[in-house]
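A.B. asks: Dumping the structure here so I can ask a few things about it.
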Amino acid sequence: MTGISGKTSTDWVAFASALAPVETIDEPVLVKKRSRDFFWFSPILERRLRSCFGDLVARPRTVAELSHCLSLAARHRVPVTLRGGGTGNYGQSVPLEGGLIIEMTGLDRILEIGPDFVRVEAGCNILALNRALGERGRELPVFPSTQDIATIGGFISGGSAGIGTVSHGMLRDDGNILELRVLSVEPTPREEVFRGGAINMIHHAWGINGVITELTLRTVPTEDWVGCIATFDNYPDCHAAAIDLALSETIRRKLCSTLDAHIGAYFDRLKGIVPPGRAMLVTLVPRGQVDTLRALVAGHGGRIDLAMDEAERVARKLPHVFEFSYNHTTLQALKSDRKVTYLQILFPAPVTVAKVVELRAVLGDDVFMHHEFARMGGKVVSFDLPLVKYTTDERLYEIMSIYESHGCPASDPHSCIIEEGGMKKADYRHLAWKKRLDPGGLLNSPKSREWTRVRDLSAEDIEALHQP
22 MTGISGKTST DWVAFASALA PVETIDEPVL VKKRSRDFFW FSPILERRLR
72 SCFGDLVARP RTVAELSHCL SLAARHRVPV TLRGGGTGNY GQSVPLEGGL
122 IIEMTGLDRI LEIGPDFVRV EAGCNILALN RALGERGREL PVFPSTQDIA
172 TIGGFISGGS AGIGTVSHGM LRDDGNILEL RVLSVEPTPR EEVFRGGAIN
222 MIHHAWGING VITELTLRTV PTEDWVGCIA TFDNYPDCHA AAIDLALSET
272 IRRKLCSTLD AHIGAYFDRL KGIVPPGRAM LVTLVPRGQV DTLRALVAGH
322 GGRIDLAMDE AERVARKLPH VFEFSYNHTT LQALKSDRKV TYLQILFPAP
372 VTVAKVVELR AVLGDDVFMH HEFARMGGKV VSFDLPLVKY TTDERLYEIM
422 SIYESHGCPA SDPHSCIIEE GGMKKADYRH LAWKKRLDPG GLLNSPKSRE
472 WTRVRDLSAE DIEALHQP
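So for the sequence shown, my numbering puts the first residue at 22; every next one is plus one.
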């Protein structure tokens with residue numbers, strides 16, 4: 022019996038029956054809903070992926086049930102796509118070949134909270150996790166702006182940075198991820214445990230090379246955080262203030278974002294709070310350091326227009342300030358203008374105002390800068406996630422070329438192929454582990470261009486292709 026994708030000949034009624042006691046969903050409307058993520062941020066991906074659907078959704082609640090799903094898929098050679106909260110931007114959780122969608126949100130237990138770590142199942146909601154940690158005076162060092170719906174396994178599989186990266190580095194930096202437990206897709210699934218540098222063989226691989234079941238992550242002391250938005254007459258002054266904040270050895274900021282004045286027009290929730298026509302610096306600092314931040318901002322000609330702790334935020338029914346950062350900025354804009362999209366650009370160290378001025382002079386009026394400051398390899402960098410008024414695909418790639426010609430590498434957020442996006446080139450170590458843990462090539466395989474070329478090689482031969 023062919024499923025709704027029209028891409029498999031599996032008898033899905035029989036397959037669902039064989040999955041028992043695992044909960045399944047076969048209602049076409051619900052299967053289609055779970056076949057989508059936030060790829061519609063990109064007009065290119067919207068065209069490419071809007072007709073891609075799975076055939077059946079499985080919702081395991083234990084590792085044993087998950088193992089049963091993977092075993093059955095391996096025995097029937099059914100394509101598998103993993104799904105958490107569905108907050109990915111590149112179609113990571115969209116099944117290109119139909120097949121089985123495994124929704125991981127049922128594996129949501131917090132297994133252990135230690136003095137400086139947490140051990141948790143992959144489907145745990147990040148907001149719930151941070152709340153549980155907060156009761157112990159701890160929090161995750163890095164988490165996404167989409168924490169309300171994202172899962173921790175999905176974030177580690179698909180993400181690389183987030184709220185906290187300006188102080189605690191990228192997710193891949195030593196010590197942020199302590200251990201990953203992963204299942205293979207085989208008739209008898211095996212568990213592999215990754216620690217140390219080996220963690221990066223699984224992290225940020227889009228779920229193509231193993232199924233994360235359990236994570237052990239570093240935690241850090243929480244603070245009485247105050248969300249602040251400072252505004253400036255112009256973007257260069259705003260950017261200069263952000264550089265000082267990101268480099269500060271005094272202020273313990275958890276976020277440091279700058280947004281072009283044009284972007285504020287999209288933020289309906291800030292009307293009457295943030296004056297129109299002013300560039301914005303968005304940050305989170307401890308309550309005791311707000312006055313120090315105020316002085317830093319004033320030194321660059323700015324002022325703080327919003328400063329609120331969690332209790333005030335809830336009372337005023339306002340979003341977290343981090344919902345005006347990272348790709349939540351794109352989401353806020355798309356709520357009122359479906360003709361905008363975004364790019365992902367690295368401004369390498371050392372970050373300077375001069376580079377911003379240089380690029381603003383050559384970019385068109387259709388590009389509004391939006392920088393997220395981060396630590397990468399111990400150095401402060403920034404990621405420009407500019408809003409772009411979409412006209413044509415060619416114009417998007419022209420803008421990327423302009424950035425690259427000025428020494429700012431672009432990662433393509435308009436592709437669902439891992440080697441065309443953040444990874445930029447094939448990591449054959451990842452693909453060697455795919456061969457070991459997914460020998461049948463069932464896990465999200467169309468997302469890797471290079472897998473097709475190397476799938477018939479041994480894991481060792483694939484790994485030998487890797488060049489640093």
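The C-beta atom is built at its ideal place from N, Cα and C for all residues, glycine as well.
Measuring alpha carbon to alpha carbon, tell me which residue in Val-383, Ala-262 and Val-311 is nearest Val-372.
C.D. replies: As a working note, residue 372 is residue 351 in the sequence shown. Here the closest residue by C-alpha is Ala-262.
A.B. asks: How is Pro-307 classed by DSSP in three states: helix, strand or coil?
C.D. replies: Numbered from its first residue, the sequence shown carries residue 307 at position 286. If DSSP states are grouped into helix, strand and coil, Pro-307 belongs with the strands.
A.B. asks: When you compare only the Cα positions, how much space is there between Ala-219 and Ile-177?
C.D. replies: Locating residue 219 in the sequence shown gives position 198, counting from the first residue. Locating residue 177 in the sequence shown gives position 156, counting from the first residue. Straight-line Cα distance between these residues: approximately 14 Å.
A.B. asks: Assign Leu-121 to buried or exposed, taking buried as 16 or more other Cβ atoms, counted over all protein chains shown, within 10 Å of its Cβ.
C.D. replies: In the sequence shown, the residue the question calls residue 121 occupies position 100. Burial call: buried.
A.B. asks: Our contact map puts Ile-264 next to Phe-389 with C-beta atoms below 8 Å; I'd like the distance itself, whole angstroms only.
C.D. replies: For this step, residue 264 is matched to residue 243 along the sequence shown. For this step, residue 389 is matched to residue 368 along the sequence shown. With a Cβ gap of about 19 Å, Ile-264 and Phe-389 do not count as contacting.
A.B. asks: Can you tell me which residues form a DSSP beta bridge with Glu-393?
C.D. replies: The residue labelled residue 393 in the question sits at position 372 within the sequence shown. Per DSSP, Ser-278 and Phe-404.
A.B. asks: Sorted by chain position, which residues of the same chain lie with C-beta nearer than 6 Å to Gly-185's C-beta, five sequence neighbours on each side aside?
C.D. replies: Your numbering for residue 185 matches position 164 in the sequence shown. Around Gly-185: Pro-162, Val-163 and Lys-275.
A.B. asks: Can you tell me where the alpha helix (DSSP H) with Val-206 in it begins and where it stops?
C.D. replies: Position 185 of the sequence shown, counted from the first residue, corresponds to residue 206. Unbroken run through Val-206: none, as it is neither H nor E.
A.B. asks: Could you tell me whether any Cβ in chain D is nearer than 8 Å to the Cβ of His-225?
C.D. replies: Structure shown: chain D not included; a single protein chain is present.
A.B. asks: Is DSSP giving Gly-248 helix, strand or coil here?
C.D. replies: Numbered from its first residue, the sequence shown carries residue 248 at position 227. In this structure, Gly-248 counts as strand in the three-state DSSP scheme.
A.B. asks: Can you tell me where the alpha helix (DSSP H) holding Leu-154 begins and where it ends?
C.D. replies: Along the sequence shown, one-based indexing puts residue 154 at 133. Segment 147-155, the alpha helix (DSSP H) holding Leu-154.
A.B. asks: Using a Cβ-Cβ cut-off of 6 Å (strictly less than) and excluding sequence neighbours within five positions of Thr-350, which residues of its own chain qualify?
C.D. replies: The count along the sequence shown starts at 1 and reaches residue 350 at position 329. Within the same chain, Thr-350 has close Cβ partners His-391.
A.B. asks: Taking 8 Å as the threshold (C-beta atoms), are Cys-249 and Met-301 in contact?
C.D. replies: Taking the first residue of the sequence shown as position 1, residue 301 is located at position 280. Taking the first residue of the sequence shown as position 1, residue 249 is located at position 228. Going by C-beta atoms, Met-301 is not nearer than 8 Å to Cys-249.
A.B. asks: Going by the CB atoms, is the gap between Asp-326 and Ala-382 shorter than 8 Å?
C.D. replies: Within the sequence shown, numbered from 1, the residue matching residue 382 stands at position 361. Within the sequence shown, numbered from 1, the residue matching residue 326 stands at position 305. Their beta carbons are not under 8 Å apart, which means Ala-382 does not touch Asp-326 by this criterion.
A.B. asks: Going by DSSP in three states, Arg-159 sits in which element: helix, strand or coil?
C.D. replies: What you label residue 159 is simply residue 138 of the sequence shown in a count that begins at 1. Reduced to three states, the DSSP call for Arg-159 is strand.
A.B. asks: Look up Ala-263 in the DSSP assignment and say whether it is helix, strand or coil.
C.D. replies: Within the sequence shown, the letter at position 242 stands for residue 263. Note: Ala-263 maps to helix in three-state DSSP.
A.B. asks: Across the stretch 153-161 and the stretch 114-129, are there enough close Cβ pairs to call them in contact, namely three or more that are closer than 8 Å?
C.D. replies: As far as the Cβ criterion goes, the stretch 153-161 does not touch the stretch 114-129, which means the pair count is below three.
A.B. asks: In this structure, how does DSSP classify Arg-239 when only helix, strand and coil are distinguished?
C.D. replies: The residue you call residue 239 lines up with position 218 of the sequence shown. Three-state DSSP puts Arg-239 in a strand.
A.B. asks: Look up Phe-164 in the DSSP assignment and say whether it is helix, strand or coil.
C.D. replies: Numbered from its first residue, the sequence shown carries residue 164 at position 143. In the structure shown, Phe-164 sits in a strand (DSSP, three-state: E or B).
A.B. asks: What does the alpha-carbon distance come out to for the pair Leu-367 and Gly-428?
C.D. replies: Your numbering for residue 367 matches position 346 in the sequence shown. Your numbering for residue 428 matches position 407 in the sequence shown. If you take the alpha carbons of Leu-367 and Gly-428, they lie about 9 Å apart.
A.B. asks: Let me check understanding here. Comparing Cα to Cα, which of Ala-485, Leu-128, Val-101 and Gly-135 lies closest to Leu-199?
C.D. replies: Along the sequence shown, one-based indexing puts residue 199 at 178. Closest by alpha carbon: Gly-135.
A.B. asks: Are Gly-119 and Gly-75 touching if we call contact CB-CB under 8 Å?
C.D. replies: What you label residue 119 is simply residue 98 of the sequence shown in a count that begins at 1. What you label residue 75 is simply residue 54 of the sequence shown in a count that begins at 1. Yes, Cβ-Cβ distance for Gly-119 and Gly-75 is below 8 Å.
A.B. asks: Have a look at Ser-166 and Val-342 and give me their C-alpha separation to the nearest angstrom.
C.D. replies: Here residue 166 is taken as the residue at index 145 of the sequence shown, counted from 1. Here residue 342 is taken as the residue at index 321 of the sequence shown, counted from 1. Spanning the two alpha carbons is a distance of roughly 9 Å.
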